[in-house]
Every structure is written in C-alpha cells, then in structure tokens.
Amino acid sequence: MDLLDFDLNLLMTFDAIYRHQNLSTAAIELGMTQPAVSAALKRMRVRFDNPLFVRTSHGMLPTPYADGVSIKITQALDILREVDQPVTFSPATTTNNFRVYINDVGMLLVMPLVLKYMRAHAPQAKLTIVDLRPDEVVQALDSGEIDVAVGYFLGMPNWAHQQSVRRTSYVCAVRSGHPDIGASLSLEQYLQAKHAMYWTSGSPHGIVEDKLAQLDLSRDVLLRVPRFAALPFLIAQSDLIVTIPEDLGLTFRKLMDIKLFAPPLKLPDFEIRQYWHERHHVAPANKWLRSVIKKETASMSQLSPHQKIP
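For the sequence shown, my numbering assigns the number 3 to the initial residue and increments by one for each residue that follows.
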C-alpha cells in the first residue's frame with residue numbers, strides 16, 4: 003500500500019463499519035454524517051477494487067475480502083493507538099540485553115554486584131560489557147553501541163547526561179617484601195623507585211604526571227599496561243611501585259601479598275560517574291539499569307569499609 007496516496011482515516015471508517023455492520027451506527031461512533039461514511043466507503047471500494055460491504059436484511063455484511071483484510075487493519079489501528087502510550091518495563095520479565103562500558107576495575111568490583119542484583123530481580127535480562135578505549139566511549143554512546151558508560155572521563159560532551167555514583171582516591175602499592183620500601187613511603191622513595199602505570203589512548207589517569215610536572219619533578223616509568231587490574235599482579239612479583247584507584251588496591255590487598263600507602267604527593271580525589279545519551283534519558287529500561295548501577299556502586303562503601311592506609 004502506498005501510504006502517500008492513501009487516507010489513513012479510511013482505516014478507522016472500515017473498522018467501524020466492520021464492527022457495527024451499520025453505516026448509521028458507524029457514523030455516530032466516528033462523529034461523521036451517514037453520507038460522509040457512505041462517501042468514504044465508496045472511496046475504499048475503488049481503492050481496494052472490492053465491494054467490501056454489501057447491504058443485506060441483516061445489515062452491511064463484509065465480503066470475504068473484507069474479512070481477510072480486517073485482521074490487518076485492526077492490528078494496524080491497535081499499534082497506532084499505542085504510539086503515544088508510555089512504554090512499560092518490568093524487570094521480572096524483561097529480556098533486554100543491556101550494553102555497558104566499564105573499565106576492568108569496574109568489571110572486577112562493580113559488575114559482580116550488578117549481576118547479582120539482576121539475577122535476583124531481572125533473571126531473563128542479559129548484560130554485555132563492551133570493550134572500548136576511553137577515547138571511543140563518546141562515539142559509542144552517540145551511536146547507540148552502548149546504553150551506559152561508567153567510569154572517570156574528561157571532556158564529555160554537553161549532550162551526555164551524567165550522574166556521580168562514587169567518589170574515590172588513589173593509593174600506592176608495592177609487594178610486601180620490597181627491598182627499599184618498608185613501613186612507610188616518602189616522596190624521595192617514590193621518586194627513586196621504578197614505576198608501573200596504567201596507560202591507554204584517551205585515559206584521564208595522568209594525574210600523577212600532571213602533579214609531578216607542577217612540582218618540577220618526574221618519575222621513572224618502567225612499565226605501561228592497558229589494564230588496571232593487571233598492575234597488582236605485576237608489582238606483586240617485582241620491585242615496581244604503582245599508583246592505582248583505592249578500591250582496586252584494597253581488593254587486591256586481600257588476595258595477594260602487597261602493601262598500600264597514601265601517595266607521598268597530594269593527589270585529588272576523583273568521581274566515578276555514569277553517562278548516557280539523551281535518547282535513553284526517559285527510557286524505563288535504561289532508567290532501571292542506571293538505578294541498579296548507582297545503588298550497587300554506592301553499596302561498595304558498606305561491603306568494603308575503608309581500611310587505614312599509612
């Protein structure tokens with residue numbers, strides 16, 4: 003059917019005649035005069051090349067052709083009537099595949115909590131963690147490749163909605179048997195040590211270099227890796243020192259023989275935020291996902307209470 007050459011109001015007229023099998027009753031429902039309904043029926047007969055309805059002693063009965071198209075017309079009208087109705091969302095029955103960007107720290111610490119909540123409250127939902135570089139996140143949000151991005155980003159565009167989910171800081175980590183760093187960490191020891199660091203295209207975690215440059219200082223970086231979570235394993239078997247997010251350090255201190263220190267130079271705290279596109283701002287499924295991420299990320303403070311770091 004060429005919709006550009008068809009009056010969609012005729013579908014409503016067809017539906018009313020089909021249900022009532024009476025032109026006068028159909029006219030009353032549609033708020034039209036009977037002659038106007040008769041004229042509409044004449045136009046439909048020409049358009050469909052079929053009588054559609056024939057007058058009998060029992061009313062205007064549909065032809066077999068009209069019976070055949072009535073189901074499609076009813077379905078089309080039902081869909082059109084629902085266009086302006088709010089979209090409903092039920093976590094218990096949704097089969098949505100939620101697509102999220104979060105770095106490896108978040109995958110280790112946040113996603114297990116989110117997944118546990120989803121298994122309990124949205125058992126049929128799916129979760130896909132999309133692997134991106136930090137400088138690819140904005141494009142992925144804009145294109146719809148991901149629903150939500152969680153992390154610490156700089157230079158997000160104005161169209162990106164955002165919400166703070168957690169505030170955290172940095173710690174320094176070395177293996178417990180480090181030959182030069184014992185119970186405390188001085189700035190001199192920090193500068194003399196060999197360093198490992200997280201590095202990837204578009205990473206905002208260059209705060210250490212920025213701070214050292216302000217003080218006209220520098221550090222000797224021996225190893226750069228594109229995964230935060232790999233760093234504790236690497237320093238646990240070497241004499242390198244690494245500066246990492248506090249949440250990651252506290253988690254790995256429970257798993258391996260490393261010790262943590264407050265950085266010997268003042269580094270600012272940073273906020274973990276979640277970001278989403280305007281297209282998803284009022285979408286019920288996306289709002290639900292964001293509420294889960296917010297709730298479970300905030301709960302990390304209770305699950306892993308801050309431990310004293312020298």
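Heads up, the beta-carbon is just placed ideally off N, CA and C, and yes, glycines get one too.
Query raised in the report: Does the beta-carbon of arginine 168 have 16 or more other beta-carbons within 10 angstroms, so that it is buried, or is it exposed?
Result: Start at 1 with the first residue of the sequence shown, and residue 168 comes out as number 166. When all chains shown are included, arginine 168 counts as buried.
Query raised in the report: Between serine 166 and the rest of its own chain, which residues show a CB-CB distance below 7 Å, the 5 nearest in sequence each way excluded?
Result: In the sequence shown, the residue the question calls residue 166 occupies position 164. Around serine 166: Glu273, Arg275.
Report task. Could you name the residues that DSSP lists as bridge partners for lysine 261? Result -> Counting from 1 along the sequence shown, the entry for residue 261 is found at position 259. In the DSSP output, where bridge partners are listed per residue, lysine 261 has Val176.
Report task. Helix, strand or coil for methionine 14, going by three-state DSSP, please let me know. Result -> By one-based count along the sequence shown, residue 14 stands at place 12. Reduced to three states, the DSSP call for methionine 14 is helix.
Requested in this report: Report yes or no: do the region 120-129 and the region 239-256 share at least 3 C-beta pairs separated by less than 8 Å?
Outcome: Touching, no, given that fewer than three Cβ pairs across the two stretches are closer than 8 Å.
**Report entry** Inter-residue spacing [alpha-carbon to alpha-carbon] between alanine 231 and histidine 283
**Finding:** One-based indexing of the sequence shown puts residue 231 at position 229. One-based indexing of the sequence shown puts residue 283 at position 281. When rounded, the distance between both Cα atoms is 31 Å.
Query raised in the report: Going by C-alpha distance, which of Leu117, Val223, Leu219, Thr15 is nearest glutamate 298?
Result: Position 296 of the sequence shown, counted from the first residue, corresponds to residue 298. The shortest C-alpha separation from glutamate 298 is found at Leu117.
Query raised in the report: What is the residue span of the beta strand (DSSP E) that histidine 197 lies within?
Result: Taking the sequence shown and counting its residues from 1, the one referred to as residue 197 is at position 195. Note, histidine 197: beta strand (DSSP E), 196-200.
Query raised in the report: Which residue from Pro266, Leu217, Leu134 puts its Cα closest to that of serine 188?
Result: For the purposes of this step, residue 188 is taken as the residue at position 186 of the sequence shown. Checking every option, the nearest Cα to that of serine 188 belongs to Pro266.
Report task. Can you grab the Cα-Cα spacing for the pair glycine 33 / valine 39, in whole Å? Result -> The residue labelled residue 33 in the question sits at position 31 within the sequence shown. The residue labelled residue 39 in the question sits at position 37 within the sequence shown. Near 10 Å, if we compare the C-alpha coordinates of valine 39 and glycine 33.
Query raised in the report: Considering only C-alpha positions, which residue in the set Glu84, Asp80, Thr130 is nearest to isoleucine 104?
Result: Numbered from its first residue, the sequence shown carries residue 104 at position 102. With distances taken between Cα atoms, isoleucine 104 lies closest to Thr130.
Requested in this report: Pull up the CB-CB distance for methionine 197 and aspartate 222, whole angstroms please, since I reckon it's below 8 Å.
Outcome: By 1-based counting over the sequence shown, the position of residue 197 is 195. By 1-based counting over the sequence shown, the position of residue 222 is 220. In the sequence under discussion, the amino acid at residue 197 is histidine, which differs from the methionine named in the question. With 8 Å as the limit, histidine 197 and aspartate 222 qualify as a contact, their Cβ atoms being about 6 Å apart.
Query raised in the report: Just the Cα atoms here: how many angstroms apart are glycine 179 and lysine 256?
Result: Counting from one through the sequence shown, the residue named residue 179 turns up at place 177. Counting from one through the sequence shown, the residue named residue 256 turns up at place 254. Roughly 16 Å between the two C-alpha positions.
Report task. Could you say if the region 36-52 and the region 75-90 meet the contact criterion of at least three C-beta pairs nearer than 8 Å? Result -> Under the Cβ criterion (8 Å, minimum of three pairs), the region 36-52 does not count as touching the region 75-90.
Requested in this report: Check arginine 21 in the structure and name its three-state DSSP category.
Outcome: Residue numbering aside, residue 21 sits at position 19 when the sequence shown is read from its first letter. Arginine 21 falls in the helix class under three-state DSSP.
Query - Touch test, the region 279-293 against the region 143-159, Cβ-Cβ under 8 Å, three pairs minimum - result: yes
Query - Cβ-based neighbour list, tryptophan 201, same chain, cut-off 6 Å, excluding 5 preceding and 5 following - result: The count along the sequence shown starts at 1 and reaches residue 201 at position 199. Arg226.
Query - Counterpart residues of glutamate 273 in DSSP-defined beta bridges - result: Counting from 1 along the sequence shown, the entry for residue 273 is found at position 271. DSSP output for glutamate 273 lists Arg169 as bridge partner(s).
Query raised in the report: What's the call for proline 270, buried or exposed, on a 16-neighbour Cβ count within 10 Å?
Result: As a position in the sequence shown, residue 270 is number 268, starting the count at 1. Proline 270 should be labelled exposed.
Query raised in the report: Can you tell me whether DSSP reads leucine 214 as helix, strand or coil?
Result: Taking the first residue of the sequence shown as 1, we reach residue 214 at position 212. It is helical.
Report task. Compute the Euclidean distance between the alpha carbons of leucine 134 and valine 140, then round it to the nearest angstrom. Result -> The count along the sequence shown starts at 1 and reaches residue 134 at position 132. The count along the sequence shown starts at 1 and reaches residue 140 at position 138. Looking at the two C-alpha atoms, the distance is approximately 10 Å.
Query raised in the report: Per DSSP, what kind of secondary structure is lysine 128 in: helix, strand or coil?
Result: One-based indexing of the sequence shown puts residue 128 at position 126. Note: lysine 128 maps to strand in three-state DSSP.
Report task. With phenylalanine 50 as the anchor, note down where its alpha helix (DSSP H) starts and where it stops. Result -> The residue labelled residue 50 in the question sits at position 48 within the sequence shown. Phenylalanine 50 -> alpha helix (DSSP H) spans 36-50.
Query - Closest residue to threonine 58 among Gln23, Val176, Val48 (Cα-Cα distance) - result: As a position in the sequence shown, residue 58 is number 56, starting the count at 1. For the residues Gln23, Val176, Val48, the minimum Cα distance to threonine 58 belongs to Gln23.
Requested in this report: Would you mind stating whether proline 53 and arginine 47 have Cβ atoms separated by less than 7 Å?
Outcome: Counting from 1 along the sequence shown, the entry for residue 53 is found at position 51. Counting from 1 along the sequence shown, the entry for residue 47 is found at position 45. A contact, by the Cβ cut-off of 7 Å.
Query raised in the report: Thinking C-beta only, is alanine 175 closer than 7 Å to glycine 108?
Result: Position 106 of the sequence shown, counting from 1, holds the residue named residue 108. Position 173 of the sequence shown, counting from 1, holds the residue named residue 175. The answer is no: Cβ separation not under 7 Å.
**Report entry** tryptophan 290, DSSP secondary structure in three states
**Finding:** Here residue 290 is taken as the residue at index 288 of the sequence shown, counted from 1. Tryptophan 290: helix per DSSP, three-state reduction.
Query raised in the report: What's the gap between the Cα of serine 306 and the Cα of arginine 281?
Result: Here residue 306 corresponds to residue number 304 of the sequence shown, with the count starting at 1. Here residue 281 corresponds to residue number 279 of the sequence shown, with the count starting at 1. Caution is warranted here: a pLDDT of 44 is assigned to serine 306, below 50, making its placement in the model unreliable, and the coordinate value is therefore given only provisionally. Their backbone Cα atoms lie some 35 Å apart in a straight line.
Query raised in the report: From isoleucine 19 to glutamate 84, what distance separates their C-alpha atoms?
Result: By one-based count along the sequence shown, residue 19 stands at place 17. By one-based count along the sequence shown, residue 84 stands at place 82. Answer to the nearest angstrom: the Cα atoms are 22 Å apart.
Query - Same chain, Cβ closer than 8 Å to histidine 279, five either side skipped, listed in chain order - result: Start at 1 with the first residue of the sequence shown, and residue 279 comes out as number 277. Closer than 8 Å at the Cβ level, and outside the excluded window around histidine 279, lie Leu143, Asp144, Gly146, Trp161, Ala162, His163.
Report task. Give the straight-line distance between the Cα atoms of aspartate 80 and phenylalanine 235, rounded to the nearest whole angstrom. Result -> Position 78 of the sequence shown, counted from the first residue, corresponds to residue 80. Position 233 of the sequence shown, counted from the first residue, corresponds to residue 235. Using only the alpha carbons, I get a separation of about 59 Å.
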